[in-house]
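Residues in the sequence shown are numbered from 1 upward in steps of one, following the working numbering. Below is one structure, written out as structure tokens; the observations come after it.
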Amino acid sequence: MIIDTDLRSRFLEGMSRAATFVAVATTDGEAGRYGVTISSLTSVSADGDHPSLLACIHHLSPVAPAILRNRAFCANLLQEDQQQLSDLFAGRAGAGEHAARFERADWIAGELGQPMLTGATAAFECRVATSVLWETHHIIVGRVMGVKLSESPAALLYGQRAYRRAVHLPAPE
Ligand SMILES: Cc1cc2nc3c(=O)[nH]c(=O)nc-3n(C[C@H](O)[C@H](O)[C@H](O)COP(=O)(O)O)c2cc1C
Numbered sequence: 001m002i003i004d005t006d007l008r009s010r011f012l013e014g015m016s017r018a019a020t021f022v023a024v025a026t027t028d029g030e031a032g033r034y035g036v037t038i039s040s041l042t043s044v045s046a047d048g049d050h051p052s053l054l055a056c057i058h059h060l061s062p063v064a065p066a067i068l069r070n071r072a073f074c075a076n077l078l079q080e081d082q083q084q085l086s087d088l089f090a091g092r093a094g095a096g097e098h099a100a101r102f103e104r105a106d107w108i109a110g111e112l113g114q115p116m117l118t119g120a121t122a123a124f125e126c127r128v129a130t131s132v133l134w135e136t137h138h139i140i141v142g143r144v145m146g147v148k149l150s151e152s153p154a155a156l157l158y159g160q161r162a163y164r165r166a167v168h169l170p171a172p173e
């Protein structure tokens, strides 16, 4: 495979300018309990049989095969004061083992048994609808079976390689 390193670094720089919200994809079931921080959570449709969303998870993360075996996951959209939780589930807080991540976070099991993180601004409990392994990432589409909303609607953002919060812009003159 020919890798154009300049194209790759320009792609990474370009995408770093797209501020995204931060979520933790969690899963529990016969494959075990796992969770990882993702910025790839995307709404797909509100108008199918059920609403649907997708997440892209690296093929070397144990979370993707666990979600595919458990056939369910929860997408926990983090609230703007939950940077520590993001770092914890990104393996940046010295909690490489996935079981240890759940010992250091407050969570409850949702109706499908999937871990819902306390304080998340929204938690989408999903059954796996379909998935594709594209190059290095599993693109996993979830059928949303339930949504839990917190009192605080402000989501944590990540852009230009740092955590951010959304600010309201005044209307143009
Ligand atoms: C803000 C942020 C967003 C991330 N988004 C993704 C993502 O969308 N998909 C992904 O596979 N990893 C993403 N990562 C990296 C993972 O959280 C994690 O660090 C890496 O996959 C190692 O996974 P493991 O600890 O499960 O082995 C992100 C990390 C951070 C801090």
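Note that the Cβ used here is the ideal one computed from N, Cα and C, for glycine as well.
Using beta-carbon positions only, say whether T143 and S52 come within less than 8 Å of one another.
The sequence given here places Arg at residue 143; Thr does not occur at that position. Yes, Cβ-Cβ distance for R143 and S52 is below 8 Å.
Out of curiosity, what's the CA-to-CA distance linking L169 and L157?
Between the C-alpha atoms of L169 and L157 there is a straight-line separation of about 16 Å.
Give me the Cα-Cα distance between S86 and T20, rounded to the nearest whole angstrom.
Spanning the two alpha carbons is a distance of roughly 13 Å.
Using a 10 Å radius around the Cβ and a threshold of 16 neighbouring Cβ atoms, would you call P153 buried or exposed?
Only exposed fits P153, as fewer than 16 other CB atoms lie within 10 angstroms of its CB.
Pair within 8 Å by beta-carbon distance, I57 and V24:
Not a contact, by the Cβ cut-off of 8 Å.
Considering only residues of the same chain and omitting the five flanking positions on each side of N76, which have a CB-CB separation below 7 Å?
Around N76: A23, V24, T26, M116, L117, A120 and A123.
Measure the alpha-carbon distance for H138 versus G91 and round it to whole angstroms.
About 19 Å.
Nearest-angstrom Cα distance between V147 and T42?
Going from the Cα of V147 to the Cα of T42 covers about 15 Å.
Would you identify the three-state DSSP class for Q83, choosing helix, strand or coil?
Q83 falls in the helix class under three-state DSSP.
Among the residues of its own chain, which have a CB less than 7 Å from the CB of A99, if the five just before and after it don't count?
Closer than 7 Å at Cβ, skipping near neighbours: R33.
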